[in-house]
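**Q** Residue numbers 1 to 389, in the UniProt record's numbering, belong to the letters of the sequence shown in order.
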Amino acid sequence: MVAGAGLAGVRSVEALRAHGFGGTITLLGDEPHRPYDRPPLSKAVLLGEIDSTVVDSDLDAMGVDFRPGVAAKGLRPGVVETTEGELAYDGLVIATGAAPIRLRGEGPQHVLRTIDDALALRALLREGVRVAVVGAGWIGAEVATAARRAGCEVTVVEAAAHPLAAALGPVGAHTAPWYAQAGIDLRTAAVVAAVDHGGLTLADGSAVEADVVVTGIGVRPAVDWLAGSGVELDDGVVTDEHLRTALPGVVAAGDCAAWWSRRYGRRLRVEHWDTALGAPDVAVATLLGEGAGEGAVYDPVPYFWSEQFGHMVQYAGHHDGARLVGRGDPAGTRWSVCWLNDDDTLAAVLAVNRPRDLVQGRRLIEGGQRLDVDRLADPAVALRDCTAI
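(1) Quick one: give me the first and last residue of the beta strand (DSSP E) that threonine 155 is part of.
(2) Within the same chain, show all residues whose beta-carbon is closer than 6 Å to that of arginine 67, passing over the 5 residues directly before and after it, in chain order.
(3) According to the Cβ coordinates, are glycine 264 and valine 282 closer than 8 Å?
(4) Of the residues Leu247, Glu241, Asp65, which one's Cα is nearest the Cα of leucine 233?
(5) What's the C-alpha gap between valine 214 and glycine 236?
(6) What are the uninterrupted segments assigned as beta strand (DSSP E) that are 3 or more residues long and contained completely in the stretch 74 to 162, given in chain order?
(7) Between the stretch 184 to 203 and the stretch 152 to 166, do three or more beta carbon pairs fall short of 8 Å?
(8) Give the straight-line distance between the Cα atoms of alanine 380 and glutamine 181, rounded to the nearest whole angstrom.
(9) On the criterion of 16 or more Cβ atoms from any shown chain inside 10 Å, does isoleucine 217 qualify as buried, or is it exposed?
(10) Below 8 Å CB to CB, which residues in the same chain sit around glycine 328 once its five sequence neighbours on both sides are set aside?
(11) From arginine 122 to isoleucine 101, what distance separates their C-alpha atoms?
(12) Taking the straight line between their C-alpha atoms, what separation do you get for isoleucine 365 and valine 301?
(13) Using only alpha-carbon positions, find the residue among Asp37, Asp90, Arg126, Leu376 that is nearest to threonine 275.
(14) Applying the 10 Å Cβ sphere with the 16-neighbour rule, what's the burial state of threonine 245?
(15) Enumerate in chain order the residues of its own chain whose CB-to-CB distance from alanine 388 is below 8 Å, with the five nearest sequence positions on each side excluded.
(16) Residues in its own chain within less than 8 Å of leucine 164 by CB, not counting five upstream and five downstream?
(17) Applying the criterion that 16 or more other CB atoms from any shown protein chain within 10 Å of the CB defines a buried residue, is serine 206 buried or exposed?
(18) Of the residues Leu168, Asp30, Gly20, which one's Cα is nearest the Cα of tryptophan 225?
(19) Would the stretch 181 to 197 count as touching the stretch 100 to 114 if we require 3 or more Cβ pairs under 8 Å?
(20) Look at the alpha carbon of arginine 262 and the alpha carbon of valine 238, and state the distance between them as a whole number of angstroms.
(21) Which residues mark the beginning and the end of the beta strand (DSSP E) in which proline 68 is found?
(22) With burial defined as no fewer than 16 other Cβ atoms inside 10 Å of the residue's Cβ, what is the status of glutamate 294: buried or exposed?
(23) Which of the three DSSP states is assigned to glutamate 209 in this structure?
(24) Going by the CB atoms, is the gap between valine 64 and proline 35 shorter than 8 Å?
(25) With DSSP run on the structure shown, which of helix, strand or coil describes alanine 257?
(26) Around the C-beta of threonine 24, are 16 or more other C-beta atoms found within 10 angstroms, so that it is buried, or is it exposed?
(27) Any idea what DSSP makes of glutamine 369, helix, strand or coil?
(28) With proline 221 as the anchor, note down where its beta strand (DSSP E) starts and where it stops.
(29) Can you list, in chain order, the residues of its chain whose CB lies under 7 Å from that of cysteine 386, leaving out five sequence neighbours each side?
(30) For a quick check, are the C-beta atoms of valine 231 and cysteine 256 less than 8 Å apart?
(31) Grab the span of the alpha helix (DSSP H) containing tryptophan 335 for me, first residue to last.
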């Protein structure tokens with residue numbers, strides 16, 4: 001059984017068949033839709049370029065018992081409790097994803113997590129509409145981009161000192177000028193006290209008037225249904241490097257899985273499309289008991305991309321505690337930042353309109369080569385040519 005019909009869920013179904021599993025597969029999805037991709041929701045869907053992001057996967061041909069509109073509500077060994085009763089399982093993939101965080105207040109607020117969210121919000125983005133976006137992270141920036149392109153008057157309210165503070169630390173400050181260039185009112189170090197009818201009330205007592213409020217302050221793993229099940233929870237479903245949980249016959253993949261990374265020596269939970277795409281194959285191999293010795297290991301270089309204010313922003317790796325080396329002028333249109341470990345290996349790379357830096361940097365992270373810091377700081381030198389001799 002697969003609980004969760006997002007990308008991680010449907011890829012788990014495909015992996016089960018690809019690995020030769022011929023038994024019954026039940027796929028539970030709490031939404032009424034067929035499985036679809038989420039990244040385009042804040043990009044192409046919100047911009048009006050497409051209306052659907054359904055994943056090209058023939059569930060009927062694979063003999064999958066797909067149950068849309070059925071949510072997992074509880075778990076005990078061998079049984080998943082659902083909104084339509086109890087279902088028995090021999091093996092289970094937990095892929096229930098994450099749910100958006102909402103702010104306090106009685107005023108209407110929109111979030112962007114589902115296709116219904118995206119279509120409802122898109123219908124409101126019209127010339128002259130006042131839009132307040134709470135949060136200048138990845139989603140907030142993409143929503144602001146779409147709203148401004150639609151002709152809305154946009155205000156972005158961010159609690160931190162600059163955009164992308166949680167994801168990029170001080171590097172995120174380099175994106176602040178993009179807001180003004182796009183004609184957006186960016187208010188940093190501003191905490192929202194409540195969402196009201198007609199806008200926001202900030203903690204300092206001031207107000208932001210808005211016709212539409214969009215909350216983009218992050219998500220929480222959708223794992224409350226696992227409380228008391230025997231599955232260990234700590235900011236998601238705790239797994240080992242094989243995506244195995246504490247409950248026999250149960251694995252986890254996607255946004256809800258907090259796996260042990262050998263590469264970074266810590267537990268990671270990554271809310272990126274790339275994780276939902278790649279993790280299911282390892283989870284399924286583990287569930288089926290494949291591989292000699294220790295079995296399949298999940299230890300990717302995390303990857304993410306965003307389109308905002310006319311810039312392609314790409315990130316790979318994990319930079320906690322690493323030191324910075326810049327490549328190019330952040331005041332320009334093409335630049336990168338590298339984070340180095342103490343041994344001069346590459347921990348992470350951020351590329352703004354420099355896709356080659358991203359591709360080559362990701363390979364350097366995977367390979368673990370030491371880098372020449374002086375050459376690295378020269379944007380004219382290809383990243384692949386920055387390895388130490």
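C-beta atoms are modelled at their ideal positions from N, C-alpha and C, and glycine is treated no differently.
**A** In this structure, then:
(1) The count along the sequence shown starts at 1 and reaches residue 155 at position 155. In this chain, the beta strand (DSSP E) harbouring threonine 155 covers 153 to 157.
(2) Position 67 of the sequence shown holds residue 67. Result list for arginine 67: Leu28, in chain order.
(3) For this step, residue 264 is matched to residue 264 along the sequence shown. For this step, residue 282 is matched to residue 282 along the sequence shown. For clarity, residue 264 is tyrosine in the given sequence; the question names glycine instead. If you check the CB distance, tyrosine 264 and valine 282 do not come in under 8 Å.
(4) What you label residue 233 is simply residue 233 of the sequence shown in a count that begins at 1. Considering only alpha carbons, the answer is Leu247.
(5) Your numbering for residue 214 matches position 214 in the sequence shown. Your numbering for residue 236 matches position 236 in the sequence shown. In this model, valine 214 and glycine 236 are separated by some 25 Å (Cα to Cα).
(6) Segments of the beta strand (DSSP E) lying fully in the stretch 74 to 162: 79 to 82, 85 to 88, 92 to 94, 98 to 100, 130 to 134, 153 to 157.
(7) Of all C-beta pairs linking the stretch 184 to 203 to the stretch 152 to 166, three or more are shorter than 8 Å, placing the two stretches in contact.
(8) Here residue 380 is taken as the residue at index 380 of the sequence shown, counted from 1. Here residue 181 is taken as the residue at index 181 of the sequence shown, counted from 1. Approximately 27 Å between the Cα atoms of the pair.
(9) The sequence position of residue 217 within the sequence shown is 217, counting from 1. Buried, because 16 or more other Cβ atoms sit within 10 Å of the Cβ of isoleucine 217.
(10) If you number the sequence shown from 1, residue 328 lands on position 328. Within the same chain, glycine 328 has close Cβ partners Arg334, Trp335, Ser336, Arg354, Pro379.
(11) Taking the first residue of the sequence shown as position 1, residue 122 is located at position 122. Taking the first residue of the sequence shown as position 1, residue 101 is located at position 101. Rounded to whole angstroms, arginine 122 and isoleucine 101 show a C-alpha spacing of 20 Å.
(12) In the sequence shown, residue 365 corresponds to position 365, counting from 1. In the sequence shown, residue 301 corresponds to position 301, counting from 1. One Cα belongs to isoleucine 365, the other to valine 301, and the distance between them is close to 7 Å.
(13) Taking the first residue of the sequence shown as 1, we reach residue 275 at position 275. Its Cα nearest to that of threonine 275, the residue Asp37 stands out among Asp37, Asp90, Arg126, Leu376.
(14) Translated into positions along the sequence shown, residue 245 becomes position 245. With 16 or more Cβ atoms within 10 Å of its Cβ, threonine 245 is classed as buried.
(15) Along the sequence shown, read from residue 1 onward, the residue named residue 388 stands at position 388. For alanine 388, the CB contacts under 8 Å within the same chain, skipping 5 residues up- and downstream, are Asp344, Gln369, Arg370, Leu371, Asp372 in chain order.
(16) Position 164 of the sequence shown, counted from the first residue, corresponds to residue 164. Excluding sequence neighbours, leucine 164 sits near Ala136, Gly137, Trp138, Ala141, Val171, Gly172, Thr175.
(17) The residue labelled residue 206 in the question sits at position 206 within the sequence shown. The C-beta of serine 206 has fewer than 16 other C-beta atoms within 10 Å across all chains shown, which makes the residue exposed.
(18) Mapped onto the sequence shown, residue 225 falls at position 225. Tryptophan 225 has its Cα closest to that of Asp30, out of Leu168, Asp30, Gly20.
(19) With the cut-off at 8 Å, the stretch 181 to 197 and the stretch 100 to 114 touch.
(20) Against the sequence shown, residue 262 aligns to sequence position 262. Against the sequence shown, residue 238 aligns to sequence position 238. Going by the C-alpha atoms only, they are around 15 Å apart.
(21) To locate residue 68, count along the sequence shown from 1; it is residue 68. Segment 64 to 68, the beta strand (DSSP E) holding proline 68.
(22) One-based indexing of the sequence shown puts residue 294 at position 294. Under this definition glutamate 294 is an exposed residue.
(23) As a working mapping, residue 209 is identified with position 209 in the sequence shown. Glutamate 209 falls in the strand class under three-state DSSP.
(24) For the purposes of this step, residue 35 is identified with residue 35 of the sequence shown, where counting begins at 1. For the purposes of this step, residue 64 is identified with residue 64 of the sequence shown, where counting begins at 1. No, these two residues do not count as a Cβ contact at 8 Å.
(25) The residue you call residue 257 lines up with position 257 of the sequence shown. The answer is strand: DSSP assigns alanine 257 an E or B state.
(26) Within the sequence shown, the letter at position 24 stands for residue 24. Per the 10 Å Cβ criterion, exposed.
(27) Here residue 369 corresponds to residue number 369 of the sequence shown, with the count starting at 1. Glutamine 369 falls in the coil class under three-state DSSP.
(28) Taking the sequence shown and counting its residues from 1, the one referred to as residue 221 is at position 221. It spans 219 to 221 - the beta strand (DSSP E) in which proline 221 sits, taken as one unbroken run.
(29) In the sequence shown, counting from the first residue as 1, residue 386 sits at position 386. Hits under 7 Å: Leu371, Asp372, Arg375, Leu376.
(30) Translated into positions along the sequence shown, residue 231 becomes position 231. Translated into positions along the sequence shown, residue 256 becomes position 256. Taking 8 Å as the cut-off, the beta carbon of valine 231 is found no closer than this to the beta carbon of cysteine 256.
(31) Position 335 of the sequence shown, counting from 1, holds the residue named residue 335. Run containing tryptophan 335: none in the alpha helix (DSSP H); it sits in the beta strand (DSSP E), 335 to 340.
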